[in-house]
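In order, the protein sequence lines correspond to chains A and B.
For the first sequence, my numbering assigns the number 15 to the initial residue and increments by one for each residue that follows.
For the second sequence, my numbering assigns the number 746 to the initial residue and increments by one for each residue that follows.
Every residue, glycine too, gets a C-beta built ideally from N, C-alpha and C.
Below: the structure, in structure tokens.
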Amino acid sequence: MNVFRLTGDLSHLAAIIILLLKIWKSRSCAGISGKSQILFAIVFTTRYLDLLTSFISIYNTSMKVIYIGCAYATVYLIYMKFRATYDGNHDSFRVEFLVVPVGGLAVLVNHDFSFLEILWTFSIYLESVAILPQLFMISKTGEAETITTHYLFCLGLYRALYLLNWIWRFYFESFFDMIAIVAGVVQTVLYCDFFYLYITKVLKGKKLSLPA
Amino acid sequence: KAKNLLHDEL
Numbered sequence: 015m016n017v018f019r020l021t022g023d024l025s026h027l028a029a030i031i032i033l034l035l036k037i038w039k040s041r042s043c044a045g046i047s048g049k050s051q052i053l054f055a056i057v058f059t060t061r062y063l064d065l066l067t068s069f070i071s072i073y074n075t076s077m078k079v080i081y082i083g084c085a086y087a088t089v090y091l092i093y094m095k096f097r098a099t100y101d102g103n104h105d106s107f108r109v110e111f112l113v114v115p116v117g118g119l120a121v122l123v124n125h126d127f128s129f130l131e132i133l134w135t136f137s138i139y140l141e142s143v144a145i146l147p148q149l150f151m152i153s154k155t156g157e158a159e160t161i162t163t164h165y166l167f168c169l170g171l172y173r174a175l176y177l178l179n180w181i182w183r184f185y186f187e188s189f190f191d192m193i194a195i196v197a198g199v200v201q202t203v204l205y206c207d208f209f210y211l212y213i214t215k216v217l218k219g220k221k222l223s224l225p226a
Numbered sequence: 746k747a748k749n750l751l752h753d754e755l
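Okay, here's the thing in structure tokens:
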């Protein structure tokens, strides 16, 4: 464990909690892409099946349980409890265009052709593009609530910190996982224009509005 | 491919 990975995990946890609290407190999921949240639930489910097969640490296990629990709770709030506030018209990204190619790639490019390893690889590839429906929805509505931008900032920051973690681990532990690194770079790059808008607008107290 | 496939990261 190193400082980048720990702060990355905490940033990820913060994002998940911010979103859950935003929906719960405001009793509304306006501006939130339910499709992205379903993809994240799939990402955690396929990645953390090793909860059943291997134990790494209390921290590892508890974080995985929290991530999975919050992901499904968020999906439940969006599609069940507060479904009247779900903006399905703007959440129109065709996720099959993500899941199918990612599934195919996971079968072709992986570290080991075993069931759990292919699912882990699928989860890594899927996570790198899972935010696209959310970013697409914001581009369609042309704006985002400030709390949603904080959620996205923490979510984007987490994988950027993981990139620093992989540099650290390469240097100090001569560990590197090309699949995770490449997917992590793609994932972080997808946030770049959002990061620019967040830093130049939201941090200056303005509302995040895209040129419609 | 006996890589240590125990993924210790979240």
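The criterion of a C-beta distance shorter than 8 Å is satisfied by Y81 (chain A) and F58 (chain A). Taken in chain order, the complete alpha helix (DSSP H) segments of 4 residues or longer contained in the segment 155-193 of chain A are 160-187. Under the three-state reduction of DSSP, L222 (chain A) is assigned to strand. For Y100 (chain A), the three-state secondary structure derived from DSSP is coil.
For S142 (chain A) against A197 (chain A), the beta-carbon gap comes to about 4 Å, under 8 Å, which counts as contact. Sequence-distant Cβ neighbours of F190 (chain A) in its own chain, meaning closer than 8 Å and more than five residues away, are W180, R183, F184.
For H26 (chain A), the secondary structure class from DSSP, reduced to helix, strand or coil, is helix. With distances taken between CA atoms, H26 (chain A) lies nearest to A:A85 out of A:K39, A:L122, A:L112, A:A85. At a Cβ-Cβ threshold of 8 Å, K36 (chain A) and T162 (chain A) count as neighbours. Look at S68 (chain A): its C-beta is under 8 Å from a C-beta on chain B. Cα atoms of A87 (chain A) and I152 (chain A): separation of roughly 22 Å, rounded to the nearest angstrom. Residue state for I72 (chain A) is assigned as helix, using DSSP reduced to three classes. The continuous stretches of alpha helix (DSSP H) do not include V216 (chain A), and DSSP gives it neither H nor E. If you draw a straight line from the Cα of Y210 (chain A) to the Cα of L63 (chain A), it comes to about 36 Å. Apart from the 5 residues on each side of it in sequence, I32 (chain A) sits with its Cβ closer than 8 Å to the Cβ of I161, H164, Y165, C168 in its chain, given in chain order. Counting C-beta atoms within 10 angstroms of its own C-beta, R108 (chain A) has fewer than 16 neighbours from the protein chains shown and is therefore classed as exposed. Chain-order list of chain B residues neighbouring M77 (chain A): L755, by C-beta distance under 7 Å. The continuous stretches of alpha helix (DSSP H) do not include L63 (chain A), and DSSP gives it neither H nor E.
In terms of beta-carbon proximity, W134 (chain A) lines the interface with chain B, with at least one pair separated by less than 8 Å. Residue environment analysis places G22 (chain A) among the buried positions, since at least 16 neighbouring C-beta atoms fall within 10 angstroms of its C-beta.
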